[in-house]
Structure formats: structure tokens, C-alpha cells
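K.L.:
In our numbering, the protein residues as written are 460 to 717.
C-beta atoms are modelled at their ideal positions from N, C-alpha and C, and glycine is treated no differently.
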Ligand SMILES: [Zn+2]
């Protein structure tokens with residue numbers, strides 16, 4: 460198979476790499492704890508199964524791939540996994556001195572790559588032409604993006620119920636990005652995904668000015684990043700997915716062991 464094609468970031472005709480919208484480093488951590496296999500849960504009737512598929516496809520050239528990894532991914536994973544620069548309070552996690560611009564661009568790079576991916580798990584993510592053009596320049600470092608243009612919010616997912624999911628369990632859940640369209644007059648569109656125990660919301664249609672100071676909104680102008688807690692069971696899409704897959708599990712529609 461030819462690996463030549465147009466890179467989806469620099470748009471040059473080059474040899475393409477197997478890219479991951481959600482970085483391989485994230486899958487690796489999950490696979491490591493499950494002896495090389497992730498557990499796939501899907502929004503259809505197919506059985507629950509082990510998988511070592513990390514949803515990769517030929518997308519970017521090696522220069523762009525390296526650029527995204529070096530500039531955003533490596534920094535973000537390190538910053539979010541390092542518990543030494545994070546203080547736990549009853550209502551949020553407080554990260555000091557993290558580069559919120561890099562975090563914001565990391566999550567937007569996942570959005571950008573998911574939306575341009577033809578892999579099935581990413582089929583619910585779409586990007587509008589105007590964002591695609593803008594993000595391409597921003598991710599390449601040619602333009603600067605204000606925090607309120609395509610706002611990104613990060614929350615820590617928790618389950619406070621007795622006997623519920625532990626923090627380690629929650630970190631093992633990786634779900635493909637999904638899109639929410641709000642009810643009501645002013646339609647808002649949000650793309651969301653779960654990632655290493657964090658819930659990421661990307662406000663595609665922007666947000667109201669009064670929300671700009673809410674905890675969790677990534678903003679380069681702020682020294683402290685307050686990451687609010689969010690109850691796992693307050694995310695209806697995840698609950699639906701779990702209920703559907705629990706049903707499959709109980710019906711024996713699975714290839715995994717107990
Ligand atoms: Zn490229």
C-alpha cells in the first residue's frame with residue numbers, strides 16, 4: 460500500500476505516518492494495565508472485546524506528526540499526569556504554573572485530527588471549514604488563538620458513590636469523541652471526550668461571555684488552572700454507553716473473561 464498522500468496539516472504531498480488523534484501514549488497506558496489489550500465498548504450491538512487497535516490511520520507527514528507530539532502532546536501528558544504540581548481541594552484540582560495554551564492546543568489537535576479521521580470511532584466528530592482553516596494555522600504555530608474563540612473546558616471525572624468506580628478504573632475508560640447539540644433556541648454544539656480520567660468539552664459554537672471565568676476553561680492569561688470535579692453519572696452519553704455494554708455483558712455478548 461502506498462503511504463504517499465497529502466498531509467492533513469501542512470498539506471504537502473509527502474510520505475504519511477500512521478497518526479493517532481488520541482495519542483498512542485494514552486492507549487499505551489491503558490494497554491499496559493490490561494496486558495496489552497484495551498477493552499472496547501461500542502455504541503452498537505457488536506460484542507465487548509479486547510482490542511489493541513489504537514484507531515490510527517495515515518494522516519500526517521513525519522514533520523507534522525513530530526511537531527504535534529513535541530509541542531503539545533508530550534507537555535500536556537506530563538503536566539496532567541504529574542501529581543506534584545497539582546493540589547486537591549474538595550471542589551477541584553488546582554494545577555499551578557501549567558501552560559494552558561499548550562493544553563488547549565493539545566485538545567484542539569485531538570479535535571482536529573478526530574474530525575479529519577475516517578476511523579469509525581471518530582465518525583461522530585465533524586469540523587466546520589472555517590475552524591479547519593484556522594486550526595491548521597494555529598497548530599502549525601503560524602497564528603495565535605484566543606482562548607474564547609473555540610473554548611476548551613477540562614474537568615476531573617469522579618464517582619463518589621460507595622463501591623463505585625475508583626479513580627484508576629475511570630482512567631481506563633476511553634470513549635470516542637461525541638457531539639452534543641443543545642436543546643432550546645440558541646443551538647450550541649459541543650464535542651466531548653473522556654481522556655485519562657478527564658472530561659474534555661470543546662465549545663464549537665463558542666460560549667456566553669459570563670462563562671469565561673468558570674473553572675476548567677483553559678486560558679493562557681491565568682496562572683492557576685482549577686479543574687472542577689464532574690460526576691461520571693452526570694455525563695448521560697457515557698452512562699448510556701455503559702448501560703448498553705452492561706446489558707451485552709450480562710447477555711454473554713462478549714469475548715472477554717470475568
Ligand atoms: Zn505535514
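Tell me the DSSP secondary structure of residue 599 in three-state form.
P.N.:
Of the three classes helix, strand and coil, the one that applies to residue 599 here is coil, per DSSP.
K.L.:
Would you mind giving the Cβ-Cβ distance between residue 466 and residue 475, rounded to the nearest angstrom? I have them listed as a contact below 8 Å.
P.N.:
Residue 466 to residue 475, Cβ: 6 Å. Contact.
K.L.:
When you compare the CB positions of residue 606 and residue 680, do they come within less than 9 Å of one another, or not?
P.N.:
Taking 9 Å as the Cβ cut-off, residue 606 and residue 680 qualify as a contacting pair.
K.L.:
Specify, as a first and last residue, the run of the alpha helix (DSSP H) that residue 565 falls within.
P.N.:
First-last of the alpha helix (DSSP H) with residue 565: 559-575.
K.L.:
Between residue 597 and ligand 1, is the CB less than 8 Å from at least one heavy atom?
P.N.:
No, since every heavy atom of ligand 1 falls outside the 8 Å radius drawn around the Cβ of residue 597.
K.L.:
Expressed to the nearest angstrom, what Euclidean distance is found between the alpha-carbon atoms of residue 576 and residue 522?
P.N.:
Each residue's Cα considered, the two are about 18 Å apart.
K.L.:
Quick check on the DSSP output: the beta strand (DSSP E) that includes residue 767 runs from which residue to which?
P.N.:
The requested residue 767 is not part of the displayed model; the chain covers only 460 to 717.
K.L.:
Tell me the DSSP secondary structure of residue 678 in three-state form.
P.N.:
DSSP places residue 678 in coil when its eight states are reduced to three.
K.L.:
Taking 5 Å as the limit, tell me which residues put their C-beta closer than that to any heavy atom of ligand 1, in chain order.
P.N.:
So the residues near ligand 1 by this Cβ test are 466, 468, 469, 520 and 523.
K.L.:
I need the straight-line Cα distance from residue 665 to residue 610, nearest angstrom please.
P.N.:
C-alpha separation (whole angstroms): 6 Å.
K.L.:
Alpha helix (DSSP H) containing residue 525: first to last residue?
P.N.:
Residue 525 -> alpha helix (DSSP H) spans 521-527.
K.L.:
Measuring CA to CA, which of 690, 566 and 557 is closest to residue 654?
P.N.:
The candidate whose alpha carbon is nearest that of residue 654 is 566.
K.L.:
Just to confirm, are residue 658 and residue 689 a CB contact at a threshold of 9 Å?
P.N.:
Going by C-beta atoms, residue 658 is nearer than 9 Å to residue 689.
K.L.:
Please go through the same chain and pick out, in chain order, the residues whose beta-carbon is closer than 7 Å to the beta-carbon of residue 470, but skip the five residues on each side of it.
P.N.:
Nothing listed; no residue qualifies.
K.L.:
Considering only C-alpha positions, which residue in the set 585, 546 and 667 is nearest to residue 645?
P.N.:
Measuring from the Cα of residue 645, the nearest candidate turns out to be 667.
K.L.:
Is it true that the CB of residue 545 sits closer than 9 Å to the CB of residue 555?
P.N.:
Cβ distance < 9 Å, so residue 555 and residue 545 count as in contact.
K.L.:
Where do the ends of the alpha helix (DSSP H) carrying residue 628 lie?
P.N.:
Run containing residue 628: 626-630, per the alpha helix (DSSP H) assignment.
K.L.:
Please report the distance separating the alpha-carbon of residue 557 from that of residue 464.
P.N.:
The alpha-carbon atoms of residue 557 and residue 464 are separated by roughly 36 Å.
K.L.:
How would you write the range of the beta strand (DSSP E) that residue 621 sits in, first residue to last?
P.N.:
From DSSP, residue 621 is part of no beta strand (DSSP E); its letter is neither H nor E.
K.L.:
Check each candidate in 683, 694 and 643 and name the one with the smallest Cα separation from residue 616.
P.N.:
It is 694.
K.L.:
Taking the beta carbon of residue 597 as the centre, do at least 16 other beta carbons fall within 10 Å, making it buried, or is it exposed?
P.N.:
Residue 597 comes out buried.
K.L.:
Here's a check: name, in chain order, each residue in its chain whose Cβ is nearer than 6 Å to the Cβ of residue 473, leaving out the five neighbours to either side.
P.N.:
Excluding sequence neighbours, residue 473 sits near 466 and 520.
K.L.:
If we count the other Cβ atoms within 10 Å of its Cβ and call it buried at 16 or more, is residue 592 buried or exposed?
P.N.:
When all chains shown are included, residue 592 counts as exposed.
K.L.:
For residue 687, does the three-state DSSP call read helix, strand or coil?
P.N.:
Reduced to three states, the DSSP call for residue 687 is strand.
K.L.:
Identify the continuous alpha helix (DSSP H) that holds residue 555 and give its terminal residues.
P.N.:
That residue, residue 555, is in no alpha helix (DSSP H); its beta strand (DSSP E) goes 551-555.
K.L.:
Tell me, which residues are paired with residue 654 by DSSP?
P.N.:
657.
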